[in-house]
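This is the structure:
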């Protein structure tokens, strides 16, 4: 199963999701490598603590529709407020 996620870069209060394809690939690969370490129980924190294996860790994919929606929300919503979009999990 795949899940979609969005990463926003906010500069001066303006959100931007216009990343080149190679940067999107690098972001997604780095994120999925981290999630893989969590799933396998091989992730070690900076403090040297090894985390227990996680369950239900799914591979992430980039979704341009969600990226645009998140960018719009970030650009129009003051502060950290959830958009209220149905079926979308948001980490602020």
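Residue numbers (mature numbering (1 follows the signal peptide of the UniProt record, and there is no 0)): -16 to -1, 1 to 76.
For glycine and all other residues, C-beta sits at the position ideal for the given N, C-alpha and C.
Take the Cβ of residue i as the centre, count every other Cβ of all protein chains shown within 10 Å, and call the residue buried at 16 or more, exposed below.
i, result
"residue 54", "buried"
"residue 51", "buried"
"residue 31", "exposed"
Given residue i, which residues of its chain have a CB within under 8 Å of its CB, disregarding the five upstream and five downstream residues?
i, result
"residue 60", "none"
"residue 24", "37"
"residue 67", "53, 54, 57, 61 and 74"
"residue 26", "34"
Which of the three DSSP states is assigned to residue i in this structure?
i, result
"residue 41", "coil"
"residue 139", "Since the first residue of the chain shown is -16 and the last is 76, residue 139 is not available in this structure."
"residue 28", "strand"
Give me the residue from the options with the minimum Cα distance to residue i.
i, options, result
"residue 20", "39, 48 and 8", "39"
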